[in-house]
Amino acid sequence: MTTETDTRAGTHLYALVQHFYARQMQALDEGRFEEYAATFTEDGTFQHTPGTEPARTRAGIVAELHAFHERFRDDPVQRRHYFNQIVLDPQDDGSYRSTVYALIVRIRQGERPEIWPSCVVHDVLVVDGDEVLMRSRTVSYDQLPAQ
Amino acid sequence: MTTETDTRAGTHLYALVQHFYARQMQALDEGRFEEYAATFTEDGTFQHTPGTEPARTRAGIVAELHAFHERFRDDPVQRRHYFNQIVLDPQDDGSYRSTVYALIVRIRQGERPEIWPSCVVHDVLVVDGDEVLMRSRTVSYDQLPAQ
Amino acid sequence: MTTETDTRAGTHLYALVQHFYARQMQALDEGRFEEYAATFTEDGTFQHTPGTEPARTRAGIVAELHAFHERFRDDPVQRRHYFNQIVLDPQDDGSYRSTVYALIVRIRQGERPEIWPSCVVHDVLVVDGDEVLMRSRTVSYDQLPAQ
């Protein structure tokens, strides 16, 4: 039976996760990679490209992000990650599966902003009181990523 | 007079409706039409194209969605419905009018994702405890839909 | 120390601000400029273009919006402002800094909807009970605005 307390807790968590994602993705888009990595658990994993090995641990995630952005050194680009339609499903171990649409807007100087790419983000969130952390993030693409 | 209890109930409902929409539209975009139809009341109506007769009842909505998607059999396309700027207005009969921006991203293999189309969704929601159902959905377009 | 009451208040405020923005931006996009201006404090300021003087007071904001839209008299365009990734930071004076992604979809008849432009909105919000008002709004662009 779902009690009123449960559902209040549910909507509280929903807004908490929205705010968590907002801070997290503003940090990523502004290049604050340590802050982004700190939103993962110490042993968290992050796979941003299907078919590759995920980055592991906060230090590993920071290193991966620096390597990724190094590729765009001669082609400066601003990205904005728009998250939408967050679905939270509680799991047996107390964590939450979070399934989220992500529209990435890519902006290059002198070009029109464009959507590149359209993704679905699959997270596992652990919630301790009001602290949210990510145990894992896996990104799937609606089409294969390419330049 | 608006009491604190009222406004807490208001923000609780707001997050509840966001989560409801997230599940609903992920179901639609993944082709789970029965699950989408089940978000309507038994006698719910769904008009996705202005000037056409709305689909009526859950069974009618499922049939309509299958017919719509049949048209794209030879032209596979992935859609992602982004909902934003949800405005909820209570109505005299206890239901809520919900006015929502919808940006649909359309993805075809080998093409760039594009916005097609930009819509405003007009829903009537009935809320019983923490169950949300749609009595009706009418979609208006910022320009006429075309291929 | 953050108490449970604090964090419940935090997620309550988060949903309150989302709903506030939804009403505000639907008003702007539908050309209800007085309603948009009324979301500012009496002495509020609004700078929509970097490097220009901000509009001041509600009357000044209405006048500025009429002047801006006059420019599009011969080129009718529908805009939809999508807000996302809202980050709220409390300030010492009791107000909140709000940093928000804004994707503007521009729709012209006979053309595809396009993203123009991609922005970050920097607001200062004052909250009195459940009334939210804006003391200031400053918009930054990911690239320079142009036609």
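Residue numbers (the UniProt record's numbering), protein chains in the order written: chain W, 1 to 147; chain A, 1 to 147; chain X, 1 to 147.
Note that beta-carbon positions come from the ideal geometry of N, C-alpha and C, so glycine has one too.
Contact test: residue i Cβ vs the ligand MN heavy atom, cutoff 8 angstroms
| i | result |
| --- | --- |
| VAL127(W) | In the structure on display, the ligand MN does not appear, and there are no ligands present to speak of. |
Proximal residues to residue i (C-beta, below 8 angstroms), its chain only, five neighbours per side dropped
| i | result |
| --- | --- |
| GLN109(X) | PRO76 |
| GLN91(A) | ARG97 and VAL124 |
| ILE61(W) | PHE33, TYR36, ALA37, PHE40, GLY44, PHE46 and ALA55 |
| ILE115(W) | LEU103, ILE104, VAL105 and ARG106 |
Burial state of residue i (16 or more Cβ within 10 Å)
| i | result |
| --- | --- |
| ARG112(A) | exposed |
| ALA55(X) | buried |
| PRO117(X) | buried |
| ARG137(W) | buried |
| GLY44(A) | buried |
| ASP89(A) | exposed |
| HIS69(A) | exposed |
| THR11(X) | buried |
| LEU39(X) | In the sequence on display, residue 39(X) carries Thr and not Leu. Under this definition THR39(X) is a buried residue. |
| ASP29(W) | buried |
| ALA9(W) | exposed |
| ALA15(A) | buried |
| ARG71(X) | exposed |
Reduced DSSP category for residue i - H, G, I as helix; E, B as strand; rest coil
| i | result |
| --- | --- |
| VAL77(X) | coil |
| ALA55(W) | strand |
| GLY60(A) | helix |
| ARG108(X) | coil |
| ALA38(A) | coil |
| GLU70(W) | helix |
| GLY129(W) | coil |
| ASP92(X) | coil |
| ASP123(A) | strand |
| GLY10(X) | helix |
| ASP29(X) | helix |
| THR49(A) | coil |
| THR5(A) | helix |
| GLN147(A) | Reliability of the predicted coordinates at GLN147(A) is poor, the pLDDT of 38 falling under 50, and no value is obtained from them. |
Residue i: contacting residues in chain W (beta-carbon distance under 7 angstroms)
| i | result |
| --- | --- |
| ILE107(A) | SER118, ASP142 and GLN143 |
| TYR14(X) | ALA15, GLN18 and HIS19 |
| ARG71(A) | None at all; the shortest Cβ gap to chain W is about 20 angstroms. |
Cβ shell of residue i (< 6 angstroms), same chain only, five flanking positions each side left out
| i | result |
| --- | --- |
| LEU65(W) | PHE33 |
| ILE107(A) | GLN78 and PRO113 |
| PHE83(X) | TYR21, VAL100 and ALA102 |
| ARG80(A) | ASP29 and VAL105 |
| VAL87(W) | THR99 |
| GLU4(X) | none |
| CYS119(W) | ALA102, VAL139 and TYR141 |
Listed by chain order, chain X residues near residue i by CB distance under 9 angstroms
| i | result |
| --- | --- |
| GLN26(W) | GLN85, VAL87, THR99, TYR101 and VAL120 |
Nearest neighbour of residue i, chosen from the options [CA to CA]
| i | options | result |
| --- | --- | --- |
| TYR141(A) | GLY129(A), ARG106(A) and ALA102(A) | ALA102(A) |
| ARG73(X) | ARG23(X), THR57(X), GLY31(X) and HIS81(X) | GLY31(X) |
| ALA63(X) | GLY51(X), PHE46(X) and PRO50(X) | PHE46(X) |
| GLN18(W) | GLN24(X), GLY129(X), GLN85(X) and PRO50(X) | GLN85(X) |
| HIS122(W) | ARG58(W), PRO50(W) and ARG23(W) | PRO50(W) |
| GLU131(W) | THR52(W), ASP6(W) and LEU13(W) | LEU13(W) |
| ASP93(X) | ALA59(X), CYS119(X), VAL120(X) and ASP128(X) | ASP128(X) |
Partners in chain W for residue i, counting only beta-carbon separations shorter than 8 angstroms
| i | result |
| --- | --- |
| PRO50(A) | Ordered by position in chain W, no residue passes the 8 angstroms Cβ test against PRO50(A), which lies about 24 angstroms from the chain. |
Own chain partners of residue i with C-beta closer than 7 angstroms, once the 5 adjacent residues on each side are dropped
| i | result |
| --- | --- |
| ALA27(W) | GLU35 and TYR36 |
| VAL126(A) | THR41, SER95, LEU133 and ARG135 |
| HIS48(W) | VAL139 |
| MET25(W) | HIS81 and PHE83 |
| GLN143(X) | PRO117 |
Proximal residues of chain A, C-beta to C-beta of residue i below 7 angstroms
| i | result |
| --- | --- |
| GLU114(W) | ARG112 |
| GLN78(X) | ASP142 |
8 angstroms Cβ cut-off: residues of chain A touching residue i
| i | result |
| --- | --- |
| ARG8(W) | HIS12 |
Contact set between residue i and chain W, taken where Cβ atoms lie within less than 9 angstroms
| i | result |
| --- | --- |
| ARG23(A) | GLN85 and VAL87 |
Under 9 angstroms by beta carbon: chain A residues contacting residue i
| i | result |
| --- | --- |
| ARG82(X) | Looking at the sequence shown, residue 82(X) is not Arg but Tyr. Going along chain A in sequence order, the residues near TYR82(X) (Cβ under 9 angstroms) are TYR82, ASN84, GLN85, TYR101 and LEU103. |
| ASP128(X) | Going along chain A, no residue has its Cβ under 9 angstroms from ASP128(X), so there is no contact; the nearest lies around 12 angstroms. |
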